[in-house]
Each structure stands twice: as structure tokens, then as C-alpha cells.
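*Asks:* Mapping the sequence shown onto the working numbering, position 16 (from 1) lands on 57, and the numbers just tick up by one. Here a beta-carbon is modelled for each residue, glycine too, at the ideal position from N, C-alpha and C. Note that the structure is a prediction, hence the values are computed from the model and not measured. Here it is, the structure in full.
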Amino acid sequence: MFRVIAVFGVSTLLAVLVFTETAEAQPGFMPGFISGIVRDINDQPIAGVTVIGENSQWQRRVDGKTN
Numbered sequence: 042m043f044r045v046i047a048v049f050g051v052s053t054l055l056a057v058l059v060f061t062e063t064a065e066a067q068p069g070f071m072p073g074f075i076s077g078i079v080r081d082i083n084d085q086p087i088a089g090v091t092v093i094g095e096n097s098q099w100q101r102r103v104d105g106k107t108n
């Protein structure tokens, strides 16, 4: 029984350390960009299309028009 508890405790500790390291590596907000081409069904580029990007976790919404 002690061995099971010890293995569970060590596993939990390792998991916490791994996820803590990952969380520290992520900044609070990191701006970036999205690029690409909006195309129609015939694979032709479409100008003037409104593209919307949403992040439900941070409640942010960004929109823009293609050129």
C-alpha cells in the first residue's frame, strides 16, 4: 500500500512540475498575425471579404477586410 501511495505521489509531483514549466513559458499576451488567401469555390481570390478572428478564452475579437 505504501508503494502505491509513493508512486502516486511522485507521479503527481512530476506532473505538477511539467505543467508549471509550460505555464511559465507562455506570455500573458503575445501579438501576432494571420496571413493567407480567401478563395471562392473556383479557387479564385476574393477581395473585400471580412475575416473575423475570435478567442473565447480571452473574449477578444479582431476583424479585418481582405485586399
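1) Return the residue from the list Asn96, Arg80, Ile75, Ser97 that minimises the CA-CA distance to Gly89.
2) By how many angstroms is the C-alpha of Val92 removed from the C-alpha of Ile75?
3) Helix, strand or coil for Gly77 per DSSP?
4) In this structure, does DSSP put Asn96 in helix, strand or coil?
5) For Val103, name the three-state secondary structure that DSSP assigns.
6) With 16 other CB atoms within 10 Å as the buried threshold, where does Ile82 fall?
*Replies:* Based on what the coordinates show:
1) Residue numbering aside, residue 89 sits at position 48 when the sequence shown is read from its first letter. Nearest C-alpha to Gly89: Arg80.
2) For the purposes of this step, residue 75 is taken as residue 34 along the sequence shown, with counting starting at 1. For the purposes of this step, residue 92 is taken as residue 51 along the sequence shown, with counting starting at 1. Cα to Cα, the separation comes out at about 10 Å.
3) The count along the sequence shown starts at 1 and reaches residue 77 at position 36. Coil.
4) Here residue 96 refers to the residue found at position 55 when the sequence shown is read from its first residue. In the structure shown, Asn96 sits in a strand (DSSP, three-state: E or B).
5) Locating residue 103 in the sequence shown gives position 62, where the first residue counts as 1. Strand.
6) Your numbering for residue 82 matches position 41 in the sequence shown. Under this definition Ile82 is an exposed residue.
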